[in-house]
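Novice: In case it helps, this note's numbering puts the sequence shown at residues 404 to 630. All C-beta atoms, glycine included, are put in the ideal place defined by N, C-alpha and C.
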Amino acid sequence: PWPSWSWAAWRGAIGYTTSEVFINIQKGSGSSISSLVYQSLVEQWYLIDVNSQPVRQNIRHLARSGDYLLEAHSRRYVASKGEIDPQQLLTENAPLRPGTLVFWTSSARFDVTKADDVAGDDVVTDYAIYSILSDVPQPLTLVGRVILPCSTQSLTSYEFIVLSRADEDKGLYDEERLENRYSGCMLYVMAVQKIQEEKRVERVGVGVIFEQAWLNSAAEQKMIFLG
Numbered sequence: 404p405w406p407s408w409s410w411a412a413w414r415g416a417i418g419y420t421t422s423e424v425f426i427n428i429q430k431g432s433g434s435s436i437s438s439l440v441y442q443s444l445v446e447q448w449y450l451i452d453v454n455s456q457p458v459r460q461n462i463r464h465l466a467r468s469g470d471y472l473l474e475a476h477s478r479r480y481v482a483s484k485g486e487i488d489p490q491q492l493l494t495e496n497a498p499l500r501p502g503t504l505v506f507w508t509s510s511a512r513f514d515v516t517k518a519d520d521v522a523g524d525d526v527v528t529d530y531a532i533y534s535i536l537s538d539v540p541q542p543l544t545l546v547g548r549v550i551l552p553c554s555t556q557s558l559t560s561y562e563f564i565v566l567s568r569a570d571e572d573k574g575l576y577d578e579e580r581l582e583n584r585y586s587g588c589m590l591y592v593m594a595v596q597k598i599q600e601e602k603r604v605e606r607v608g609v610g611v612i613f614e615q616a617w618l619n620s621a622a623e624q625k626m627i628f629l630g
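Encoded structure:
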């Protein structure tokens, strides 16, 4: 089977072309607009090959020197600087399953609940938009949105991992409880769950979280094994 991070393994007709898809799921159906990723927030990617060997991926890192850097903010998310030692990876985690992506990033847990203030839910039957909630600064504060399978129960807790910096859009988080939007204030995140009896995790859904809410969470740096 295809690994969960591969587009070939994704089901449904949702195109993650713009952060507006997290407000109106119909915007992601058949759209040709390119997604606006401000900055890559994973420094190194390793892919486990067919011989169970880690191979570093030569990926171009995006780092916009324009918009979001012009708006200085007292606190910004900084990509994890954790180094991956291929030999140590093999020694401590063998055998590694081919197709696994290995990388360092930041991880935190948030509750989700099905959003009732979004459009287009009647267009896509398998997936729905969920609100990402935090107890900071107040209980049930909306801090982001994520697209998950419709079978997901409200107030389910998921582990989220950071992938990149995204563009902002109105309605993605509670600006009254938190603060106003600024350029590059959203983080693209992936909701993941542990694969039974394995160290690996698998993708459940993709979403966006307000940067300052992430910084206020109990996030930790960790090495991810994404199958």
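Report all residues from its chain with a CB closer than 6 angstroms to the CB of Ala-594; omit the five preceding and five following residues, and keep chain order.
Specialist: Cβ neighbours of Ala-594 beyond the five flanking positions: Val-549, Tyr-561, Phe-563, Val-607 and Gly-608.
Novice: Ala-482 to Lys-597, Cα distance in whole Å?
Specialist: For Ala-482 and Lys-597, the distance between alpha carbons rounds to 23 angstroms.
Novice: Which whole runs of the alpha helix (DSSP H) in the segment 480–511 are 4 residues long or more, in chain order?
Specialist: Counting only runs of 4 or more, we get 489–496.
Novice: Cutting at 6 angstroms between CB atoms, please list the residues of its own chain near Ser-437, excluding the five before and the five after it.
Specialist: Residue placement at Ser-437 is flagged as unreliable, the pLDDT there being 44, under the threshold of 50; the coordinate-derived value follows with that caveat. Cβ within range, chain order: n/a, list empty.
Novice: For a test of your reading of the model: does the CB of Leu-493 fall under 7 angstroms from any non-hydrogen atom of the ligand NAD? Yes or no.
Specialist: With respect to the ligand NAD, the structure offers nothing, as it holds no ligand at all.
Novice: Please list, in chain order, all residues of the same chain as Asp-470 whose beta carbon is under 6 angstroms from its beta carbon, the five residues on each side excluded.
Specialist: Annotation note: pLDDT 49 at Asp-470 (below 50); position unreliable, no value reported.
Novice: Let me make sure I understand the geometry here. Which of Ile-487, Val-453 and Pro-501 has the alpha-carbon closest to that of Ser-407?
Specialist: Taking only the C-alpha atoms, the option nearest Ser-407 is Pro-501.
Novice: Let me know if Ile-462 comes out buried or exposed under the rule of 16 or more other beta-carbons within 10 Å of its beta-carbon.
Specialist: With fewer than 16 Cβ atoms within 10 Å of its Cβ, Ile-462 is classed as exposed.
Novice: Which of the three DSSP states is assigned to Gln-615 in this structure?
Specialist: Helix at Gln-615.
Novice: Report the residue from Phe-513, Leu-551 and Ser-557 whose alpha carbon sits nearest the alpha carbon of Val-539.
Specialist: Nearest C-alpha to Val-539: Phe-513.
Novice: Going by DSSP, what residues sit across from Tyr-576 in a beta bridge?
Specialist: DSSP lists no partner for Tyr-576.
Novice: If you draw a straight line from the C-alpha of Pro-498 to the C-alpha of Pro-404, how long is it?
Specialist: The alpha-carbon atoms of Pro-498 and Pro-404 are separated by roughly 18 angstroms.
Novice: Just to confirm, is the Cβ distance from Asp-570 to Ser-422 under 8 angstroms?
Specialist: Yes, these two residues count as a Cβ contact at 8 angstroms.
Novice: Is DSSP giving Ile-426 helix, strand or coil here?
Specialist: Correct three-state label for Ile-426: coil.
Novice: So if DSSP puts Val-515 in a beta bridge, which residue, or which two residues, is it bridged to?
Specialist: Its beta-bridge partners are Ile-535 and Thr-559.
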